[in-house]
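Under the working numbering, the residues of the sequence shown are numbered -14 to 256, in order.
Note that the Cβ used here is the ideal one computed from N, Cα and C, for glycine as well.
To start, the structure itself, in structure tokens.
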Amino acid sequence: MNIEKPESQETIGQVEVIGTLHCDVTQKGDLPRQSGLGAGPSAVIELDRGLPASMLDDLQGFDRIWLISWLDRAQGWKPRVLPPRGGSKRGVLATRAPHRPNPIGLSAVRLDRIEGHRIFIEDHDLLDGTPIIDIKPYLPYSDAHPGSAAGWAEEGWAPHEVVVEELASTQLAWLGQRKVPLEDRALPTLRFRPMPSRGHRVKEMAQRPGVYTWCWRTWRIDYRVDPVAHRVSIEAIRSGRTDDRGIHQADGPGDAVEIHAEFNQAFQSGS
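The following block contains the structure:
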């Protein structure tokens, strides 16, 4: 059940949008779960033209910046939510869930360059059109605290080494040449979340125990998991378009029927 704000709850001040983030990502499922995990998408922030560009003076010297955003597509909130990692509900304030009393996002992103009112960034976790309400420099000496306890997020969790085998490497390169960002989406996901869990599109192959398939849009990645060595070995990529369902309503350029047909023709013999 979504929570409505009580009449007695205080509202303070007013939030001013200072810019808008523009990128190619329009669906939540195509985003990394967090910024800073590597291989995230690139974007440009257009600062409001009514604001002086001198606001950005001296920001160029920082490798990373904090984006404070308004998650405008997050409607309503719940006191307890089910995070992507872990099978138990948690208090919303103990998670990074976008659905919260104030849908404010906090992202540490990599700063590429600044051109006038435009800020070019990489490795973010926001959708196209997200309003930006503030920007701050990332200060390693005060913002990074290695060794800090991470509460429930540490339970049964360890990053995996991801190994891309020869066939899969060739297939990912083929897709990358056609602007299908499967490698950028797959590697961070499989490093941190290779196993099946609720809401995670991973299934173990019935005929091959220990081998899993991760689904990203209309593509499938087959991989092995070594739980002792914490290693994921990506074997092959497959097209998920095996019938005519929805083929004329592709989610994005990488889902186009023509690309799937070319891929199947190029790799139909597994070579």
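query: Buried or exposed (CB count within 10 angstroms, at least 16 for buried), residue 2; result: exposed
query: Contact between the segment 150 to 163 and the segment 216 to 225 (3+ Cβ pairs under 8 Å); result: yes
query: Coil, strand or helix - residue 101 by DSSP; result: coil
query: Alpha-carbon spacing of residue 250 relative to residue 242, whole angstroms; result: 12 Å
query: Inter-residue CB distance, residue 190 and residue 203 (contact presumed, cutoff 8 Å); result: The Cβ separation is near 19 Å, so there is no contact.
query: Residue 55 versus residue 116 - alpha carbon distance; result: 5 Å
query: First through last residue of the beta strand (DSSP E) which encompasses residue 119; result: 116 to 122
query: Contact belief for residue 195 with residue 210 at Cβ below 8 Å, rounded distance in angstroms; result: 6 Å
query: Cβ shell of residue 86 (< 7 Å), same chain only, five flanking positions each side left out; result: 62
query: The segment 26 to 39 in contact with the segment 135 to 148 per 3-pair CB rule at 8 Å; result: no
query: Other residues of its chain near residue 152: CB distance less than 6 Å, five sequence neighbours each side excluded; result: 221
query: Residue 118 vs residue 44 beta-carbon contact at 8 Å; result: no
query: Of the listed residues 177, 161, 60, nearest to residue 82 (C-alpha basis); result: 60
query: Helix, strand or coil at residue 49 [DSSP, three-state]; result: strand
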